[in-house]
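Have a look at the structure below, then the notes.
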Amino acid sequence: MNTATPEKALAMSQAKLLCDTMSTLAESPVWDERRQVLFWCDILGRTVRSAALEPGLYREWAFPHTVSSLGLCRNGDLIVACGMDIVILDPDSGETRLLHSLPSPDGIPCRLNDGRVGPDGAFWVGTMHNVPLTDMEPHGELWRITEKSAERMQTGLTCPNGLAFSPDGSIMWQSDSVQKWIRRRKFDSRNGTFDEGVLVARMTEETGRPDGGCLDSSGTYYSAGVSAGLLNVFTPDGKHADVIATPVPHPTMPCFGGPDFSLLFLTSHRHNMSENRLAKAPFSGGVWAIPTQTKGFAAFRFGEGG
């Protein structure tokens, strides 16, 4: 059992860029333990990207619409949220196939956002009102995607985010970046359902608007405070345990990976940053690799579990 405090467990002073490529809005990092590479997406750059720990092993795949999240498949493919479509990408050949197209409620402009494969083997992905942040209304939904079906599981969200599932598959964490709450829910991986859960926190712009999140092997939850340059850390039972400054002003999502899952990868964005702010934080939009004294676990794969 890891007894290090979260702040001591993350060596932020040793954070290094994974690669030289900057994204406009990097999100959804997922470590592939088979290929030993990190996949992530640049939402506004409309690309899926990957890099290994060894320098020079960088690749990218272009898409026609915003690419907001992704997950690993059992057979080695990727499941990708693109616009309002769910697409399967073969990263070896670059070929794609459409799995599902999701409807927008009442014709309201929406796009897919944060998503993650759950312990039930389904891809869980949220939709959001596709307008500027300050104009968003609660038209967002949470969907459960399988090979054969797309099921609406939740409505009334504004910017669904922060999805993460515990190693044993019994807990689901979730946030809303506009409503600024973080919830912890009981999850049934046999049938892909969850309860109302408990409100863990209500965040602010100053304490960190909750963006993407992840769990380590102990069940500790790490939430990217995208508005404040912070990681907010919560114990497995939901207590706000720590606040950790990050190397960039706008971290978007953490993810554990590396050969033994002891690196914390952290994506970030540079969207709408002024030239003056970019001059002070030129590596905004980069993906960081941070040594830790704690460990993560392998991502669940689409088509497995349940």
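What the sequence shown shows, in the UniProt record's numbering, is residues 1 to 306, in sequence order. In this text, a Cβ means the ideal position worked out from N, Cα and C, and glycines have one as well.
Worksheet entry | For G225, three-class secondary structure by DSSP | As a working note, residue 225 is residue 225 in the sequence shown. Here G225 sits in strand by DSSP.
Worksheet item: Which first and last residues belong to the alpha helix (DSSP H) in which K280 is found?
Response: If you number the sequence shown from 1, residue 280 lands on position 280. Per DSSP, K280 belongs to the alpha helix (DSSP H) from E275 to K280.
Fill in: Endpoints, beta strand (DSSP E) assigned at Q14
By 1-based counting over the sequence shown, the position of residue 14 is 14. Where Q14 is concerned, there is no enclosing beta strand (DSSP E), given that its DSSP letter is neither H nor E.
Worksheet item: To which residues does DSSP link R152 through a beta bridge?
Response: Numbered from 1 along the sequence shown, position 152 holds the residue referred to as residue 152. Beta-bridge pairing links R152 to W143.
Worksheet item: Are three or more beta carbon pairs between the segment 223 to 237 and the segment 250 to 258 nearer than 8 Å?
Response: yes
Worksheet item: Which stretch, first to last residue, makes up the beta strand (DSSP E) that contains F265?
Response: Translated into positions along the sequence shown, residue 265 becomes position 265. Note, F265: beta strand (DSSP E), L263 to S268.
Worksheet item: Where does D176 sit, in a helix, a strand or coil, going by DSSP?
Response: Translated into positions along the sequence shown, residue 176 becomes position 176. In the three-state DSSP reduction, D176 falls in the strand class (E or B).
Worksheet item: Is the segment 251 to 266 touching the segment 290 to 301 in the sense that three or more CB pairs, one from each, lie closer than 8 Å?
Response: yes
Discussion item. Determine whether the beta carbon atoms of T114 and S50 lie at a separation below 9 Å.
Written reply: By one-based count along the sequence shown, residue 114 stands at place 114. By one-based count along the sequence shown, residue 50 stands at place 50. Per the sequence presented here, residue 114 reads as Asp, with Thr not at that position. No. Outside cutoff.
Item to complete: Run the CB neighbour count on R301, radius 10 Å, all protein chains shown included, and call it buried at 16 or more, exposed below.
Response: As a position in the sequence shown, residue 301 is number 301, starting the count at 1. R301 comes out buried.
Worksheet item: How would you call G71, buried or exposed, if buried means at least 16 neighbouring beta carbons within 10 angstroms?
Response: Taking the sequence shown and counting its residues from 1, the one referred to as residue 71 is at position 71. Answer is buried; the Cβ neighbour count reaches 16.
Item to complete: Could you check what DSSP says for D42 in three-state terms: helix, strand or coil?
Response: Within the sequence shown, residue 42 is the residue found at index 42, counting from 1. In the structure shown, D42 falls within a strand segment according to DSSP collapsed to helix, strand and coil.
Worksheet item: Opposite T66 in the DSSP bridges: which residues?
Response: Mapped onto the sequence shown, residue 66 falls at position 66. For T66, which the question treats as bridged, DSSP gives no partner whatsoever.
Fill in: Secondary structure of L57, DSSP reduced to three states
By one-based count along the sequence shown, residue 57 stands at place 57. Coil.
Fill in: 9 Å Cβ cutoff met for W124 and L142
For the purposes of this step, residue 124 is taken as the residue at position 124 of the sequence shown. For the purposes of this step, residue 142 is taken as the residue at position 142 of the sequence shown. Their beta carbons are under 9 Å apart, which means W124 touches L142 by this criterion.
Discussion item. Using 8 Å as the cut-off, can you tell me whether the segment 11 to 18 makes contact with the segment 90 to 100, which would need three or more C-beta pairs spanning the two stretches below that distance?
Written reply: no
Worksheet item: For the 8 Å Cβ check, are there 3 or more pairs between the segment 142 to 161 and the segment 172 to 181?
Response: yes
Worksheet item: Within 10 angstroms of its Cβ, does E137 collect 16 or more other Cβ (buried), or is it exposed?
Response: Start at 1 with the first residue of the sequence shown, and residue 137 comes out as number 137. E137 is exposed by the Cβ-count criterion.
Worksheet item: Secondary structure at A4, three-state DSSP: helix, strand or coil?
Response: The sequence position of residue 4 within the sequence shown is 4, counting from 1. Here A4 scores only 44 on pLDDT, less than 50, and its place in the model should not be relied on; the value that follows carries that caveat. Reduced to three states, the DSSP call for A4 is coil.
Fill in: Length of the line joining the Cα atoms of residue 307 and C110
Within the shown structure, residues of the chain are numbered from 1 to 306, placing residue 307 beyond reach of any answer.
Worksheet entry | DSSP state of T246 mapped onto helix, strand, coil | Mapped onto the sequence shown, residue 246 falls at position 246. T246 falls in the coil class under three-state DSSP.
Worksheet item: beta strand (DSSP E) containing A26: first to last residue?
Response: Here residue 26 refers to the residue found at position 26 when the sequence shown is read from its first residue. Run containing A26: A26 to D32, per the beta strand (DSSP E) assignment.
Worksheet item: With burial defined as no fewer than 16 other Cβ atoms inside 10 Å of the residue's Cβ, what is the status of P210: buried or exposed?
Response: Numbered from its first residue, the sequence shown carries residue 210 at position 210. Buried: at least 16 other Cβ atoms inside 10 Å.
Practice prompt. Spatial neighbours of R202 within its chain, please: CB distance less than 7 Å, with the 5 preceding and 5 following residues excluded, ordered by chain position.
Written response: As a position in the sequence shown, residue 202 is number 202, starting the count at 1. For R202, where only same-chain residues beyond five positions count, the Cβ hits under 7 Å are K180 and W181.
Worksheet entry | beta strand (DSSP E) segment containing V233, residue limits | As a working mapping, residue 233 is identified with position 233 in the sequence shown. Here the beta strand (DSSP E) through V233 covers L230 to F234.
Item to complete: Mark S274 as exposed unless 16 or more other C-beta atoms lie within 10 angstroms of its C-beta, in which case mark it buried.
Response: Position 274 of the sequence shown holds residue 274. With fewer than 16 other Cβ atoms within 10 Å, it is exposed.
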